[in-house]
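And the structure:
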């Protein structure tokens, strides 16, 4: 039992100074309070834009991805020669060694941005089963297993920090799968949405609410995500009026970070996110112990 601390207004249990500081950090740690971010798929698109923004805020940035030349170019030309690592997030066997290396070389790491992902047009009516399944399995490894193994693998490191952040980039298609041409992608993003919610709740229930779990749900954004489609530019504004440019998306994302929102949409995706949470959020909060 702690000794009693008498004050003018109350009688309070006295706790060790370190515990008081830890509790204060849990209560005050905000989304952008981290020091160093690891961004998967940081060589282009949304990942590169996030890395650039973090640098403007005085954060340290580490990027990783599958293509060394692309990472090198991004680091030199757009990211102030930030550190980079070649990693295929779908190769989960390589992740433990990667985590050991990156945390040893950058012990200040306290933010993971699970941004890397692929979107593939897959049609059961037009593809042979073996082709469909081969591409689908690889997509699942990159979009689900990679983010999960990275986040879980970094938890022990993050738990040693005053606070940490895990950002998972899902999609509006994880809420409403209206892009029927990519059914596996839609399913992987739905998984990422629900896993983010449950991971956040489990961490809080385990006394680790200082590890923030933030979901980012983009709409169609003008990147190279559609590179495997017949028309790789159908997510660009000149062909899709509902799409956002990367700059427009980042403007809304940054505002969401500043507001410390747990799930951040942009453009039409923000309306979908709000509708979903308005309808189902209260029920989830009840079982999660928030109400």
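In the working numbering, the protein residues as written are 3 to 293. Ideal Cβ positions, reconstructed from N, Cα and C, are used throughout, including at glycine.
Taken in chain order, the whole alpha helix (DSSP H) runs of length 4 or more contained in the region 140-197 are 148-160. According to DSSP, residue pairing for residue 214 in a beta bridge involves 167.
If you draw a 10 Å sphere on the C-beta of residue 32, you find fewer than 16 other C-beta atoms in it, and that means exposed.
Relative to the Cα of residue 114, the nearest Cα in the group 274, 169, 91 and 173 belongs to 169.
Cβ neighbours of residue 66 within its own chain (closer than 6 Å, five residues either side excluded): 42, 87 and 89. Nearest neighbour of residue 53 by Cα position, chosen from 117, 101 and 95, turns out to be 117. Residue 291 sits exposed, since fewer than 16 C-beta atoms from the chains shown fall within 10 Å of its C-beta.
Minimum Cα-Cα distance from residue 220 among the listed residues 274, 129 and 201 corresponds to 274. In the displayed model, residue 62 falls within a strand according to three-state DSSP. Residue range 265-267 is occupied by the beta strand (DSSP E) that includes residue 267.
The beta-carbon separation of residue 61 and residue 37, rounded to 7 Å, stays under the 8 Å limit for a contact. Within the region 57-144, the runs of beta strand (DSSP E) that reach at least 3 residues and sit entirely inside it are, in chain order, 62-67, 86-88 and 113-116. Bridge partners of residue 246 according to DSSP: 223.
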